[in-house]
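Numbering (my numbering), first residue to last: 10 to 399. We treat Cβ as the ideally placed atom computed from N, Cα and C, and that holds for glycine. Worksheet: one structure, shown below.
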């Protein structure tokens, strides 16, 4: 990490303002800034359209940054929204975010990961297989697709099928061998603190689970954590519940099945494929089963903040925490090509803060920690609120 970025991260006294700026960025997005992006395109980690797209009115072939770094080491996802009150500018050779014309925060772009400069042994560019979340979290989808969508039952908030570029796509199905190469290269050339492994959505969740285990076995000795998977392995619950102990046996630190919404009535409406082919009750029972294996505070479940009533989501958080499972949420941003992308506007700030403050109360009550940290969890405010920054 270069000295300028280290000094920027060290500005801890600005973390409260950075947290506030991140709140604004995640709720409202930011106006497009093609001139600035063109000027800095060799210096930032670009969006590579693997499974989500919150950049409205942006050509996918144009290099657009995926995240920004705020003073004190806070990372935020960047979503382009033409109607946003936020804009980017350059002033005295520094980059700033403005809110309705007033300076909100300085920022920096995060650089491209070094492993993107290499190919696998098979010759596949690693950018087609994986990316870096935030400062130091390797991330990949084993399957960048959705079989629920293929049968007309995709989640209403998701844009995975419309996001992947048709002219220069990521690899839709990744092999364990090539993902092992990616992990070896990322470990060698980049600093890794975490990994996120996501499976995609399969009608047969036993097959999805088995694909995860095959990948985990192939990569765990290529990572810097002595055979452990430090971070999150996310999938839907397999039909065969007894399979779940394989996650523990293969060194997965934090498995998750993401509920997305709460309660069952919302799940059936917003996640029809998961409801029909997996089942709300089965996902809940599987999370509790995993928590019995791992003990409290190790199993995660993520939700989408903003698409169901606040009290419903709070109830889901409380249920999870009471059963040994850490609840978290990403702030919903309108996805290009999703069912509700055009119909749902911005999320209310009070909703967002109330939800994360409820989460923080639960974390402190049960001695849980939020997922990852402020340098990685780019689309959530769980860490910032937990720290008392908001």
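Residue i versus the options, residue with shortest Cα-Cα distance
i, options, result
"residue 178", "144, 192, 139", "139"
"residue 297", "326, 318, 332", "332"
"residue 372", "213, 329, 87, 280", "329"
"residue 295", "352, 317, 214", "214"
"residue 133", "342, 157, 156, 189", "189"
"residue 303", "366, 99, 257, 123", "257"
"residue 22", "66, 36, 114, 95", "114"
"residue 249", "207, 216, 50", "216"
"residue 351", "151, 278, 64", "64"
"residue 187", "202, 26, 218, 225", "225"
"residue 121", "182, 278, 50", "50"
"residue 159", "136, 141, 142, 212", "212"
"residue 127", "348, 202, 193", "193"
"residue 386", "180, 14, 203", "203"
"residue 66", "181, 16, 343", "343"
"residue 131", "180, 12, 238", "180"
"residue 472", "376, 369, 378, 375", "Residue numbering for the chain in the displayed model covers 10 to 399; residue 472 lies beyond these limits and cannot be assessed."
"residue 276", "14, 24, 318", "318"
Under 8 Å between C-beta atoms of residue i and residue j
i, j, result
"residue 55", "residue 43", "no"
"residue 363", "residue 282", "no"
"residue 313", "residue 269", "yes"
"residue 287", "residue 246", "yes"
"residue 116", "residue 104", "yes"
"residue 306", "residue 82", "no"
"residue 53", "residue 119", "yes"
"residue 85", "residue 40", "no"
"residue 289", "residue 199", "no"
"residue 208", "residue 152", "yes"
"residue 309", "residue 279", "no"
"residue 356", "residue 36", "yes"
"residue 108", "residue 87", "no"
"residue 252", "residue 218", "yes"
"residue 394", "residue 365", "yes"
Nearest-angstrom Cβ-Cβ length linking residue i and residue j, presumed shorter than 8 Å
i, j, result
"residue 171", "residue 397", "That belief does not hold up - the Cβ atoms of residue 171 and residue 397 are roughly 39 Å apart, past 8 Å."
"residue 267", "residue 205", "Contact flag wrong, Cβ pair sits at about 12 Å."
"residue 90", "residue 38", "3 Å"
"residue 325", "residue 272", "7 Å"
"residue 150", "residue 59", "6 Å"
"residue 223", "residue 185", "5 Å"
"residue 146", "residue 380", "At roughly 10 Å, the Cβ-Cβ gap does not stay under 8 Å, so residue 146 and residue 380 are not in contact."
"residue 285", "residue 162", "6 Å"
"residue 99", "residue 18", "The Cβ separation is near 21 Å, so there is no contact."
Any non-hydrogen atom of the ligand GDP closer than 7 Å to residue i Cβ
i, result
"residue 136", "Absence of the ligand GDP from the depicted structure is noted, as is the absence of any ligand whatsoever, leaving it without description."
### Task
Decide if the segment 229-237 is in contact with the segment 149-169; the criterion is three or more beta carbon pairs, one per stretch, under 8 Å apart.
Taking a cut-off of 8 Å for Cβ pairs, the segment 229-237 and the segment 149-169 do not touch, as fewer than three such pairs fall below it.
### Query
Considering only residues of the segment 308-362, which uninterrupted alpha helix (DSSP H) runs meet the minimum length of 4 residues and lie entirely inside it, listed in chain order?
Complete alpha helix (DSSP H) runs here, min 4: 319-331.
### Query
Can at least three beta-carbon pairs, one atom from the segment 380-399 and one from the segment 337-355, be found at a separation below 8 Å?
Verdict: yes, contact present.
### Touching by the beta-carbon criterion (3+ pairs, under 8 Å), the segment 27-45 and the segment 73-88
With a cut-off of 8 Å, the segment 73-88 and the segment 27-45 count as touching, because enough Cβ pairs lie within range.
### Query
In the segment 255-309, which residue ranges form an unbroken alpha helix (DSSP H) of at least 4 residues, counting only runs that do not cross its ends?
Runs of alpha helix (DSSP H) with 4 or more residues, each lying fully within the segment 255-309, are found at 273-279, 281-286, 289-303, listed in chain order.
### Query
Counting pairs of beta carbons, one from the segment 242-252 and one from the segment 260-280, are three or more of them closer than 8 Å?
In short, these stretches touch, since the Cβ pair count reaches three.
### Message
Suppose only complete runs of 4+ residues qualify. What are the alpha helix (DSSP H) ranges in the segment 164-192, listed by chain order?
### Response
For the segment 164-192, whole alpha helix (DSSP H) runs of length 4 or above, ordered along the chain, are 169-172.
#### Entry: beta strand (DSSP E) runs wholly inside the segment 213-263, at least 3 long, in chain order
Correct list: 238-244.
### beta strand (DSSP E) runs wholly inside the segment 115-166, at least 3 long, in chain order
You should have 140-142, 146-150.
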